[in-house]
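Residue numbers (this note's numbering), protein chains in the order written: chain X, 13 to 312; chain G, -17 to 256.
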């Protein structure tokens, strides 16, 4: 009996940390859908967002004031990105845009540290990374409150975004913009507004991901590298699929924890650090478009 | 300035929409790229419901002219008047809002999407329901979805592409891709349709099909058509009036018959003995 509870505990912990990976990956998907570009600056945006949030709270703003202020700031960052980085590059190749996002990453990282300094800070969301009491009492399983919270938040965000993309005018506009700028403009899709909206949304998603990660592991520069964990999630889920990212996030989270706990000892531990990448490589070999990605068709 | 209209007898007698007043007027347009004079002081107008062709040898400035109308290029001099209103600062989304749709010389479709989705995308400006209305399936969202779908199905039927409705456009042969692009432009229910070499690179059957569709669009929806074409024969057969450009200057304007007998045009196309 205890074994099953232990397995469930590992699985749930894995699934819920997978949700946190998925939240970071979601930011990538948003930008990729709108411009077919892997946004290297996403990690930096996570960092800037949560660092600013903590910064505003240190300046004396209460939680509920700091949140909208930070959201407003991320929207401004999104608008500035559209105006100064993307607009001059309309109709350029995807490689050009990719390079631009690498540059943007450095600018945003620098900006964040310039504004708020380089100290590691704590973020207290009022929800602690501690096991839920009654679950522990009745079953002996240790399930973190923060993880449950992350799961709920991610669920809401994903449902909203999936709906936005699949059914609305903006969603159709996004896909069109990603495919062909010139053609999208010619049928009246306002590229500027779509990009602005997408980058602002990606900024808000970055803030949410940053807050949850920051609450767990401290608000520090290392958050930039959380983005790396999103990479296998993106490859497995497919770069263009919102639901794919969630499924892949869960898959990565659950499998890395289960593998770590049950097979880790045979490899001397530390398996969860590299296992997701092995999984991603397998996917690249078998199903390169990912679980839910758009099938890649090339005429020869 | 402009040659009086004399549509061919055959076309005028059969038309559902009689040719009307000028819908689009271009006055003294000049466009330069650095030192290159792409268009020099060109004026012409387009009448409502007519099929107007812009022809000329390579590099005559035909595509540039279309791009000026559509707002891709902003001319250094000259004015554009659309439906009696002078438009300053034309740009592609504005053109789309005004009711000017276009196709491209090198097909610009949304390659990852199906034929249906591509044409659906053309309905962008005809969709108004916001995120929440869609999320909760409020009446406006549902009504619009049905209307858009009906309009798109009508176009699909009209262009005889029912059998490829769900096919990703990147898998289609060239001629069909051109037809889908026309469908996407039509989906916006445009007043004026700009076609940039709609028949370039097509074989004879595909060209005949495309000619038929252009004439049908004009006849069925009353859409004003401005088209650029290389193939003189095609142009003369389907156009009401023709503008001829050469080295960015207008060298002829009138009915196909008038243009055909214009000495400047003959010289530009066949060369002059020196």
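Cβ atoms here follow ideal geometry from the backbone N, Cα and C, with glycine treated the same way.
Bear in mind that the values here come from a model prediction, so they are computed numbers and not experimental data.
- By the CB criterion at 8 Å, residue 41 (chain X) and residue 257 (chain X) fall inside the cutoff.
- Of the residues X:155, X:304, X:232, X:302, the one whose Cα lies closest to the Cα of residue 141 (chain X) is X:155.
- The C-beta distance from residue 124 (chain X) to residue 52 (chain X) rounds to 15 Å, too long to fall under 8 Å, and the pair is not in contact.
- About 6 Å separates the beta carbons of residue 11 (chain G) and residue 50 (chain G), which is inside the 8 Å limit, making them a contact pair.
- One finds 181 in chain X with Cβ atoms closer than 7 Å to the Cβ of residue 109 (chain G), taken in chain order.
- The stretch 140 to 157 of chain G and the stretch 91 to 104 of chain G touch, with no fewer than 3 CB-CB distances between them shorter than 8 Å.
- By the criterion of at least three beta-carbon pairs nearer than 8 Å, the stretch 204 to 213 of chain G is in contact with the stretch 32 to 46 of chain G.
- Contacts with chain X (Cβ-Cβ distance below 9 Å) from the stretch 64 to 78 of chain G involve 73, 74, 75, 76, 77, 78, listed in chain order.
- At a cut-off of 8 Å, the C-beta of residue 117 (chain G) has a neighbouring C-beta in chain X.
- DSSP lists G:12 as the bridge partner or partners of residue 59 (chain G).
- Cβ contact annotation for residue 231 (chain X) (same chain, cutoff 6 Å, sequence separation greater than five): 62, 63, 66, 133, 135, in chain order.
- Using a Cβ distance threshold of 8 Å, residue 100 (chain G) and residue 199 (chain G) do not count as a contacting pair.
- For residue 106 (chain G), the chain X residues whose Cβ falls inside 8 Å of its Cβ are 181, 184, 185, 188, 199, 200, 201, in order along the chain.
- Annotation: residue 220 (chain G) to residue 248 (chain G) spans about 20 Å, alpha carbon to alpha carbon.
- Boundaries for residue 179 (chain G): no alpha helix (DSSP H) harbours it, and the DSSP string shows neither H nor E there.
- Pairwise C-beta distances place the stretch 96 to 104 of chain X out of contact with the stretch 152 to 167 of chain X, as fewer than three of them are shorter than 8 Å.
- For residue 26 (chain G), the enclosing beta strand (DSSP E) covers residues 18 to 29.
- If one requires a minimum length of 4 residues, the alpha helix (DSSP H) runs lying completely within the stretch 193 to 240 of chain X are 193 to 198, 203 to 229, in chain order.
- Going by DSSP, residue 152 (chain X) is part of no alpha helix (DSSP H) at all; its letter is neither H nor E.
- At a cut-off of 8 Å between beta-carbon atoms, residue 125 (chain G) makes no contact with chain X.
- Assigned with DSSP and collapsed to three states, residue 64 (chain G) falls in strand.
- Here residue 231 (chain G) carries a strand assignment [DSSP, helix/strand/coil].
- Between residue 204 (chain G) and residue 31 (chain G), the CB-CB gap stays under 8 Å.
- For residue 7 (chain G), DSSP records a beta bridge to G:27, G:63.
- In terms of beta-carbon proximity, residue 92 (chain G) lines the interface with chain X, with at least one pair separated by less than 8 Å.
- In the three-state DSSP reduction, residue 280 (chain X) falls in the coil class, being neither helix nor strand.
- Contact between residue 223 (chain X) and residue 90 (chain X) is ruled out by a C-beta separation of about 18 Å, above the 8 Å threshold.
- Contact between residue 195 (chain X) and residue 90 (chain G) holds, since their C-beta atoms are separated by about 4 Å, short of 8 Å.
- DSSP places residue 82 (chain G) inside the beta strand (DSSP E), whose first and last residues are 82 to 84.
- Residues of the stretch 191 to 225 of chain X with a Cβ closer than 7 Å to any Cβ of chain G, in chain order: 191, 192, 194, 195, 197, 198, 199, 200, 201, 202.
- The residue from G:6, G:195, G:190 with its alpha-carbon nearest to that of residue 215 (chain G) is G:190.
- Among the bridge pairs identified by DSSP, residue 207 (chain G) is matched with G:33, G:175.
- Straight-line spacing of the CA atoms in residue 108 (chain G) and residue 210 (chain X) works out to 22 Å.
- The C-alpha of residue 160 (chain G) is placed about 10 Å away from the C-alpha of residue 188 (chain G).
- Taking a contact to require three or more Cβ pairs closer than 8 Å, the stretch 276 to 291 of chain X and the stretch 77 to 84 of chain X do not qualify as touching.
- For the pair residue 176 (chain G) and residue 52 (chain G), the CB atoms are nearer than the 8 Å cut-off.
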